[in-house]
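Here's the structure, in structure tokens; my notes come after.
2 protein chains.
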Amino acid sequence: MQLPDVVRIPLPEGRDYEIRIGAGLLGQSASWAGLPRASAAVIVTNETVAPLYAERLREQLAAVYARVDVVALPDGESFKDWPTLNRVFDHLLQEALDRKTVLFALGGGVIGDMTGFAAATYMRGVPFVQVPTTLLAQVDSSVGGKTAINHPLGKNMLGAFYQPVRVLADLDTLDTLPDRELRAGLAEIIKYGPIADAAFLDWIEDNLAGLLSRDKALLAYAVRRSCEIKADVVGQDEREQGLRAILNFGHTIGHAIEAGLGYGEWLHGEAVACGMVLAADLSCRLGFVPQAFVERLRSLIQRAGLPVQPPQLGVERCLQLMRVDKKAEAGDIRFVVIEGVGCAGLRPVPDDLIAAVLRDHGAG
Amino acid sequence: MQLPDVVRIPLPEGRDYEIRIGAGLLGQSASWAGLPRASAAVIVTNETVAPLYAERLREQLAAVYARVDVVALPDGESFKDWPTLNRVFDHLLQEALDRKTVLFALGGGVIGDMTGFAAATYMRGVPFVQVPTTLLAQVDSSVGGKTAINHPLGKNMLGAFYQPVRVLADLDTLDTLPDRELRAGLAEIIKYGPIADAAFLDWIEDNLAGLLSRDKALLAYAVRRSCEIKADVVGQDEREQGLRAILNFGHTIGHAIEAGLGYGEWLHGEAVACGMVLAADLSCRLGFVPQAFVERLRSLIQRAGLPVQPPQLGVERCLQLMRVDKKAEAGDIRFVVIEGVGCAGLRPVPDDLIAAVLRDHGAG
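These protein sequences, in sequence, are chains A and B. Under the working numbering, the letters of the first sequence match residues 251 to 614, in that order. Under the working numbering, the letters of the second sequence match residues 251 to 614, in that order.
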């Protein structure tokens, strides 16, 4: 048995926790050692992931908890809403499960965000464990304690900062991931280069083909390095008072695309990929990076099989959607701009400049 | 202008805050000094309180915030639910209000709990101020950061620990409080005696008539002493890992009565009053306090015009409702028992003993 890679998120008040990364972790009893004691555990998953991994996880947890339930929600971003979340609450309350019950989020970003929000709010907080089964969740959404559901008027608008007690990224679960979702996960991996680590961007460019063909050693490194960068940022700014916002590079336009098309039309990673191209162009027009950097990022994203051109939503509609972005302030839309490869910052950007970029990239 | 009484809640990470208590605070500009800056404030209130105080508060806040909105929800415990809460989110998002927006909870416990939960979850957290206008909210629910909504299967089952940035208890707002609600507030004041302060229990007994006739000096002392006790407990145990549970004296049976009759049938304070009588009897049967203490508490509660006999819900139904209580663990119902006047603890109590008490008091 190979020992997992471990990345630690440093947090105050005894809330720090481990991200364990490795192949086969789901089947190893060591994965569950040291979790909070409780009389019951509930695996929250979706109808796609449940037939693949829920039984394996249930068997493992049955050695730790007297009772293990499985709640399988419908799959997809369009179900990241209150009525679907309420199915988790209904189950917990119908079964009279107490406030020591441990929730396990088995799935991708939607399941992780929803289970985390359920854990944050059920009886004002129960412990939860992230078991991400998509690349995107393993490198980004399962780490750092952002939990949320969507509102018809905006993505992730209702949520909480609430940390898991552990993250367990079993690389073997990526074997069953559709290609489209693998590529969407690569978008968030690519993100870490421009915002924090120029050498990692070089590495991704050099190893893209291997990552796309699911070379497990390469994936292991990409997941670990991504988690290290995220852990470093979250450890410095858990509640996004400042620095943490850089993790949202590409997300301002990305969220507008997702909301504008209807959740689930484009995958989150696809929307972020396209958003990064436009945000890089904005950074260039603001004088921070040369045009060559925009082209370099566009080329990498294109090679990863991800979209570089936004859908034709109309410029005004895009701006309107961006004004409800969580980073907006007093009506100003704020963007994560690249200020040099490996260095990013959050800045208000005038509407007319955003409109020009949207138009020039075909969103108008 | 008389300076307000100030009670401070000590909390880590810069989250400590002031409870200001006094007559006329709503009309004093000093009340708003030092609150977080923002471009907008939203007053969340209900349709009963809005015509009485919303305009006065709006005018005050207009000197501080460029924009001040009012959202008035329907009044009552039966509206402490997700669809009603969502009206607040709809407003915030339709108006594209950003994550610095400050929410003001103007009303009783239901408005305070709901506004607090909205503040805890809108964009993962915005600041909020409690402006309690009922005695119950001033002495209990507005203080300490417990926020929640009800679920059809249990009271306050969905919520968060999320602290306000200030509590402003204007005693003048009690002038418009119906007698029934004044008495319900007295129930939570009485509570602080048995659990924490024998001398305060004596004081309440001596001054009950004056409190019932709304003597402002007596009310001011009762509110301040209640807040001091609560601040002390919450400062030691914000997230109810242990000690804080004593604040739930009378609430295990109280919550069952509220849920069993349908929310709003009995006021929360009425249900708690009755719950305290039964919990005192339990404490007596467990050998902690003499029968004389049970009679003493029953007599005080009766003099306050509060119910001492539970509705006939049936013993089994009561037990079932108590098993989903947040303090229950692994199926055991746990009670706050009085271990001596001014001293309480949380203990599991066998079902048959609870059943006997319920039966003997007429719930069966």
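We put the CB at the ideal spot given by N, CA and C, even for glycine. This structure is a prediction, so every number in the text was calculated from the model and none was measured.
Contact under 8 Å by Cβ, residue i with residue j
| i | j | result |
| --- | --- | --- |
| residue 583 (chain A) | residue 601 (chain A) | yes |
| residue 419 (chain A) | residue 270 (chain A) | yes |
| residue 576 (chain B) | residue 499 (chain B) | no |
| residue 386 (chain B) | residue 438 (chain B) | yes |
| residue 321 (chain A) | residue 294 (chain A) | yes |
| residue 254 (chain A) | residue 285 (chain A) | no |
| residue 408 (chain B) | residue 339 (chain A) | yes |
| residue 381 (chain B) | residue 342 (chain B) | no |
| residue 524 (chain B) | residue 559 (chain B) | yes |
| residue 273 (chain A) | residue 421 (chain A) | yes |
| residue 412 (chain A) | residue 366 (chain A) | yes |
| residue 547 (chain A) | residue 572 (chain A) | no |
| residue 529 (chain A) | residue 586 (chain A) | yes |
| residue 591 (chain A) | residue 448 (chain A) | yes |
| residue 300 (chain B) | residue 410 (chain A) | no |
| residue 307 (chain B) | residue 378 (chain B) | no |
| residue 484 (chain A) | residue 435 (chain A) | no |
| residue 347 (chain A) | residue 415 (chain A) | no |
| residue 297 (chain B) | residue 319 (chain B) | no |
| residue 520 (chain B) | residue 497 (chain B) | no |
| residue 550 (chain B) | residue 454 (chain B) | yes |
| residue 488 (chain B) | residue 595 (chain B) | no |
| residue 374 (chain A) | residue 398 (chain B) | yes |
Chain A residues whose Cβ lies nearer than 9 Å to that of residue i
| i | result |
| --- | --- |
| residue 339 (chain B) | 401, 403, 407, 408 |
| residue 378 (chain B) | Near residue 378 (chain B) there are no residues of chain A at all, since even the closest Cβ is about 14 Å away, more than 9 Å. |
| residue 265 (chain B) | Ordered by position in chain A, no residue passes the 9 Å Cβ test against residue 265 (chain B), which lies about 11 Å from the chain. |
| residue 576 (chain B) | 348, 349, 373, 374 |
Cα-Cα separation between residue i and residue j, rounded to whole angstroms
| i | j | result |
| --- | --- | --- |
| residue 605 (chain A) | residue 504 (chain B) | 57 Å |
| residue 608 (chain A) | residue 535 (chain A) | 13 Å |
| residue 589 (chain A) | residue 258 (chain A) | 28 Å |
| residue 360 (chain B) | residue 372 (chain A) | 18 Å |
| residue 516 (chain A) | residue 404 (chain A) | 15 Å |
| residue 424 (chain B) | residue 303 (chain B) | 12 Å |
| residue 567 (chain B) | residue 510 (chain B) | 8 Å |
| residue 443 (chain A) | residue 316 (chain B) | 40 Å |
| residue 400 (chain A) | residue 334 (chain A) | 11 Å |
| residue 433 (chain B) | residue 384 (chain B) | 10 Å |
| residue 479 (chain A) | residue 261 (chain A) | 15 Å |
| residue 256 (chain B) | residue 475 (chain B) | 11 Å |
| residue 610 (chain B) | residue 364 (chain A) | 45 Å |
| residue 358 (chain A) | residue 368 (chain A) | 15 Å |
| residue 506 (chain A) | residue 344 (chain B) | 15 Å |
| residue 468 (chain B) | residue 287 (chain A) | 47 Å |
| residue 376 (chain B) | residue 491 (chain A) | 12 Å |
Inter-residue CB distance, residue i and residue j (contact presumed, cutoff 8 Å)
| i | j | result |
| --- | --- | --- |
| residue 327 (chain B) | residue 518 (chain B) | 7 Å |
| residue 579 (chain B) | residue 350 (chain A) | 6 Å |
| residue 323 (chain B) | residue 282 (chain B) | That belief does not hold up - the Cβ atoms of residue 323 (chain B) and residue 282 (chain B) are roughly 23 Å apart, past 8 Å. |
| residue 392 (chain B) | residue 417 (chain B) | 5 Å |
| residue 289 (chain B) | residue 313 (chain B) | Not really, about 14 Å apart at Cβ, beyond 8 Å. |
| residue 532 (chain B) | residue 599 (chain B) | 6 Å |
| residue 458 (chain A) | residue 337 (chain A) | Contact flag wrong, Cβ pair sits at about 39 Å. |
Chain B residues whose Cβ lies nearer than 7 Å to that of residue i
| i | result |
| --- | --- |
| residue 371 (chain A) | 408, 409, 410 |
Chain B contact residues for residue i, given Cβ-Cβ distances below 8 Å
| i | result |
| --- | --- |
| residue 344 (chain A) | 403 |
| residue 330 (chain A) | Within chain B, no residue comes near residue 330 (chain A); the closest Cβ sits about 14 Å away, beyond 8 Å. |
| residue 318 (chain A) | Within chain B, no residue comes near residue 318 (chain A); the closest Cβ sits about 15 Å away, beyond 8 Å. |
Residues that residue i contacts on chain B, provided the C-beta gap is smaller than 9 Å
| i | result |
| --- | --- |
| residue 350 (chain A) | 579, 580 |
| residue 321 (chain A) | None at all; the shortest Cβ gap to chain B is about 15 Å. |
Chain-ordered chain A contacts of residue i [CB-CB under 8 Å]
| i | result |
| --- | --- |
| residue 396 (chain B) | 374 |
| residue 392 (chain B) | Within chain A, no residue comes near residue 392 (chain B); the closest Cβ sits about 16 Å away, beyond 8 Å. |
Neighbouring residues, chain A, relative to residue i (Cβ below 7 Å)
| i | result |
| --- | --- |
| residue 573 (chain B) | 346 |
| residue 289 (chain B) | 580 |
Starting from the N-terminal side, write out each stretch of the beta strand (DSSP E) that is 3 residues or longer and does not extend beyond the stretch 279-322 of chain A.
290-296
List, from N- to C-terminal side, the beta strand (DSSP E) runs of 3 residues or more that fit wholly inside the stretch 428-468 of chain A.
DSSP runs (the beta strand (DSSP E)) wholly in the stretch 428-468 of chain A: none.
Whole alpha helix (DSSP H) runs in the stretch 562-602 of chain A with 4 or more residues, listed along the chain?
565-573
As an exercise, report each continuous alpha helix (DSSP H) stretch of at least 4 residues that is fully enclosed by the stretch 494-562 of chain A, in chain order.
Taking only runs of at least 4 residues, the alpha helix (DSSP H) segments lying wholly in the stretch 494-562 of chain A are 501-511, 518-535, 541-553.
Quick one: complete beta strand (DSSP E) runs, 3+ long, within the stretch 322-403 of chain A?
352-357, 378-382, 396-401
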